[in-house]
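Note sheet for the following structure.
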Amino acid sequence: MFTVALVSRIIGMQRNFKRESLMIKAITFDFWQTLYADSEKNWRKRQAIRVKRCHAYLENRGYICTLTDVEFGLEEAYNLVSSLWYQHKGISVKRCMQRFAEVLEIRLETADLDQLIENLGAAFLEAPPIMIAHVKPVVSRLSENYPLGIISDSALTPGSFVRKLMARDG
Numbered sequence: 022m023f024t025v026a027l028v029s030r031i032i033g034m035q036r037n038f039k040r041e042s043l044m045i046k047a048i049t050f051d052f053w054q055t056l057y058a059d060s061e062k063n064w065r066k067r068q069a070i071r072v073k074r075c076h077a078y079l080e081n082r083g084y085i086c087t088l089t090d091v092e093f094g095l096e097e098a099y100n101l102v103s104s105l106w107y108q109h110k111g112i113s114v115k116r117c118m119q120r121f122a123e124v125l126e127i128r129l130e131t132a133d134l135d136q137l138i139e140n141l142g143a144a145f146l147e148a149p150p151i152m153i154a155h156v157k158p159v160v161s162r163l164s165e166n167y168p169l170g171i172i173s174d175s176a177l178t179p180g181s182f183v184r185k186l187m188a189r190d191g
């Protein structure tokens, strides 16, 4: 994981060495807490939005579940992510929502699963993390000389919505 200070040092090194001598072929960044910062308070706000949106969607589609059921189902989906993360394994948002459906003991149609994932993404954009100060100019400068990539364990946040946030933030 690169910090802004380390990235600034790399930029400084560029002045003294040719790119080939550094042997750096590409630079990747972790999204969470490297490019964008989140807080427990904001995460809770986003989670509450997720619960409300998912509950409203399910209720509108005729599924029977309470707000508390949805909250518990999302917690269990997140727990699945967390347990696999400690084993250095990733999991898709779709699989998380399949776990959510298992916990609620409901059978979701593919369209419903996709729409619930859209609701998770909308909640992310409604209560987004904040871009860390000075990241934008550093990333911009690095992009002039290196291919850049972003890695992230997205948990309940679809990657397409992370891209939307970054595009929105420039």
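Count along the sequence shown starting at 1, add 21, and that's the number in our numbering.
Ideal Cβ placement from N, Cα and C applies to all residues, glycine included.
All figures in this text were calculated on a predicted structure; none of them were measured in a lab.
Query, Result
"Cross-strand partners of A58 (DSSP beta bridge)", "I151"
"Validate contact between the region 168-177 and the region 51-61 using beta carbons, cut 8 Å, 3 pairs", "yes"
"Whole-number beta carbon distance between L125 and G94, since they are thought to touch under 8 Å", "5 Å"
"Nearest candidate by alpha-carbon position, reference C86, set I112, Y107, F182 and A122", "A122"
"Beta-carbon gap between L129 and M118 smaller than 9 Å", "yes"
"Minimum Cβ-Cβ distance from R120 to chain B less than 9 Å", "This model lacks chain B altogether, as it is built from one protein chain only."
"Cβ neighbour criterion (16 or more within 10 Å) applied to I151", "exposed"
"Ordered list of beta strand (DSSP E) runs contained in the region 109-154, each at least 3 residues", "none"
"G83 (DSSP reduced to helix, strand or coil)", "coil"
"Nearest candidate by alpha-carbon position, reference N81, set Y167, Q136, R116 and V159", "Q136"
"9 Å Cβ cutoff met for F145 and L186", "yes"
"Same chain, Cβ closer than 6 Å to G142, neighbours up to 5 away in sequence not counted", "P179 and F182"
"Same chain only: Cβ atoms within 7 Å of A148, ignoring 5 sequence neighbours per side", "N63, K66, R67 and I70"
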